[in-house]
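> In our numbering, the protein residues as written are 7 to 290. Even for Gly, the Cβ is constructed at its ideal location relative to N, Cα and C.
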Amino acid sequence: ILRLIEPTAGSVTFAGRDLRKLSHHELRLLRRRMQIVFQDPYGSLNPRMTVRAILEEGLLIHGLGDRTERQRRMDAALDRTGMPTAALARYPHEFSGGQRQRIAIARALVLEPEFIVLDEPVSALDVSIQAQVVNLLVELRKELGLTYLFISHDLSVVEYISDDVAVMYLGRLVEKAPAPALYAAPLHPYTHALFSAVPRVDPARRRGRIVLPGDVPSPAKPPSGCRFHPRCPLAETICRDKDPPATHIGEHVVHCHVAARELAQGDVAQAAQRIAQALAVVEP
Numbered sequence: 007i008l009r010l011i012e013p014t015a016g017s018v019t020f021a022g023r024d025l026r027k028l029s030h031h032e033l034r035l036l037r038r039r040m041q042i043v044f045q046d047p048y049g050s051l052n053p054r055m056t057v058r059a060i061l062e063e064g065l066l067i068h069g070l071g072d073r074t075e076r077q078r079r080m081d082a083a084l085d086r087t088g089m090p091t092a093a094l095a096r097y098p099h100e101f102s103g104g105q106r107q108r109i110a111i112a113r114a115l116v117l118e119p120e121f122i123v124l125d126e127p128v129s130a131l132d133v134s135i136q137a138q139v140v141n142l143l144v145e146l147r148k149e150l151g152l153t154y155l156f157i158s159h160d161l162s163v164v165e166y167i168s169d170d171v172a173v174m175y176l177g178r179l180v181e182k183a184p185a186p187a188l189y190a191a192p193l194h195p196y197t198h199a200l201f202s203a204v205p206r207v208d209p210a211r212r213r214g215r216i217v218l219p220g221d222v223p224s225p226a227k228p229p230s231g232c233r234f235h236p237r238c239p240l241a242e243t244i245c246r247d248k249d250p251p252a253t254h255i256g257e258h259v260v261h262c263h264v265a266a267r268e269l270a271q272g273d274v275a276q277a278a279q280r281i282a283q284a285l286a287v288v289e290p
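Encoded structure:
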């Protein structure tokens, strides 16, 4: 999306412009409005640079402000992320993992972007630190009016932070809906399997565990038809032969032949319940 890796197909539209069609110069002008926080705070910060140099680098590249203005922006970014301004003179190795990720977030914020890609931003952190960083991200989104693309395998965190959720399997979107709707009534069998793996403290919210057979196929040579069909307990002949089109019902979108047939017989909640019951019968 950010063209750190060049896409091979499709389009990416930001502020009404297709990013794939922009020249290097045109893309650089938009870069400051789109930032990223990487997964590993140990690898994404240059160990040879002080925090000041790390935060100031983007400001210098984009020619933003004089020394006083750059200092103001860096101080404000550190303050928003709960880091002291004294951190500017120190190096990344002098901080804990959670503090490093706060610095990485400050690096994204210092350019005052509108859109931030958060690539597994808490998966490398201890659980107690994860909660602090996630709460920080929620507060920053409200305070600054940011838009996040939050990529994660931790479905509890996804539910907490997201407005809309898209589920992908083998590089293909299989289901998308507003977070409350998706978590209340998942339709795709893969989404059901993902949710069944989430640990639940509340017995009333626990789901029967769905163990998928086989291994994930190679993305270089995906299966024909529905990419999930080799591991899907509900797969039918049509699933092997035909790629399922998008089925829309309100804001809920699902790519599944079985779910489409169930939706034709009732609303989302009823279809989700029937699919869950079918999965429970199939699974040992």
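Does the distance from the C-beta atom of residue 116 to that of residue 64 stay below 9 angstroms?
Within the sequence shown, numbered from 1, the residue matching residue 116 stands at position 110. Within the sequence shown, numbered from 1, the residue matching residue 64 stands at position 58. Cβ atoms of residue 116 and residue 64: closer than 9 angstroms.
> How is residue 89 classed by DSSP in three states: helix, strand or coil?
The sequence position of residue 89 within the sequence shown is 83, counting from 1. In this structure, residue 89 counts as coil in the three-state DSSP scheme.
> Where in the segment 72-158 do unbroken runs of the alpha helix (DSSP H), each at least 4 residues long, occur, reported from the N-terminal end onward?
Qualifying alpha helix (DSSP H) stretches, in chain order: 73-86, 103-115 and 133-150.
> Taking the straight line between their C-alpha atoms, what separation do you get for residue 126 and residue 209?
Indexing the sequence shown from 1 puts residue 126 at position 120. Indexing the sequence shown from 1 puts residue 209 at position 203. Spanning the two alpha carbons is a distance of roughly 28 angstroms.
> Is residue 70 near residue 193, with beta carbons less than 9 angstroms apart?
Position 64 of the sequence shown, counted from the start, is the residue given in the question as residue 70. Position 187 of the sequence shown, counted from the start, is the residue given in the question as residue 193. No. Outside cutoff.
> Which residue's Cα is closest to the Cα of residue 144: 99, 175, 189 and 86?
Translated into the one-based positions of the sequence shown, residue 144 becomes position 138. Considering only alpha carbons, the answer is 86.
> Let me know the secondary structure DSSP gives residue 253 once reduced to three states.
The residue labelled residue 253 in the question sits at position 247 within the sequence shown. Residue 253: strand per DSSP, three-state reduction.
> Considering Cα atoms alone, identify which of 227, 197, 219 and 41 is closest to residue 279.
Position 273 of the sequence shown, counted from the first residue, corresponds to residue 279. It is 197.
> Are residue 60 and residue 84 touching if we call contact CB-CB under 9 angstroms?
Your numbering for residue 60 matches position 54 in the sequence shown. Your numbering for residue 84 matches position 78 in the sequence shown. Cβ atoms of residue 60 and residue 84: not closer than 9 angstroms.
> Throw me the rounded Cβ distance for the residue 122 and residue 114 pair, which I believe falls under 8 angstroms.
Within the sequence shown, the letter at position 116 stands for residue 122. Within the sequence shown, the letter at position 108 stands for residue 114. The pair is a contact, with the Cβ atoms about 5 angstroms apart (cut-off 8 angstroms).
> Is residue 42 helix, strand or coil by DSSP?
Taking the first residue of the sequence shown as 1, we reach residue 42 at position 36. It is a strand residue.
> Leaving aside the five residues before and after residue 215 along the sequence, list all residues of the same chain whose C-beta is less than 6 angstroms from its C-beta, in chain order.
Taking the first residue of the sequence shown as position 1, residue 215 is located at position 209. Within the same chain, residue 215 has close Cβ partners 202.
> Please state if the CB of residue 166 and the CB of residue 140 are separated by a distance shorter than 9 angstroms.
What you label residue 140 is simply residue 134 of the sequence shown in a count that begins at 1. What you label residue 166 is simply residue 160 of the sequence shown in a count that begins at 1. Their beta carbons are under 9 angstroms apart, which means residue 140 touches residue 166 by this criterion.
> In chain order, what are the residue ranges of uninterrupted alpha helix (DSSP H) at least 4 long that sit wholly in the segment 168-241?
Segments of the alpha helix (DSSP H) lying fully in the segment 168-241: 185-190 and 195-202.
> Compute the beta-carbon to beta-carbon distance between residue 77 and residue 129, rounded to the nearest angstrom, for a pair I have assumed lies under 8 angstroms.
As a working note, residue 77 is residue 71 in the sequence shown. As a working note, residue 129 is residue 123 in the sequence shown. So it is not a contact: roughly 33 angstroms between Cβ atoms.
> For residue 103, I'd like the list of residues in its chain whose CB is within less than 6 angstroms of its CB, leaving aside the five on either flank, ordered along the chain.
Numbered from 1 along the sequence shown, position 97 holds the residue referred to as residue 103. So the list reads 47 and 131, once near-sequence residues are dropped.
> Indicate the three-state DSSP secondary structure (helix, strand or coil) for residue 160 in the structure shown.
One-based indexing of the sequence shown puts residue 160 at position 154. Of the three classes helix, strand and coil, the one that applies to residue 160 here is coil, per DSSP.
> By DSSP, does residue 258 sit in helix, in strand, or in coil?
The residue given as residue 258 occupies position 252 in the sequence shown. Here residue 258 sits in strand by DSSP.
> With 16 other CB atoms within 10 Å as the buried threshold, where does residue 41 fall?
Stepping through the sequence shown from its first residue, residue 41 is reached at position 35. Buried, because 16 or more other Cβ atoms sit within 10 Å of the Cβ of residue 41.
> Shorter than 9 angstroms from the beta carbon of residue 103 to some beta carbon of chain B?
Note that chain B does not occur in the displayed structure, where there is just one protein chain.
> For residue 7 and residue 124, I'd like the C-alpha separation in whole angstroms.
By one-based count along the sequence shown, residue 7 stands at place 1. By one-based count along the sequence shown, residue 124 stands at place 118. If I take the Cα positions, the gap works out to 12 angstroms.
> Residues in the same chain with beta-carbon distance under 8 angstroms from residue 96, minus the five sequence neighbours each way, listed in chain order, please.
The count along the sequence shown starts at 1 and reaches residue 96 at position 90. Only 56 and 57 meet the Cβ criterion.
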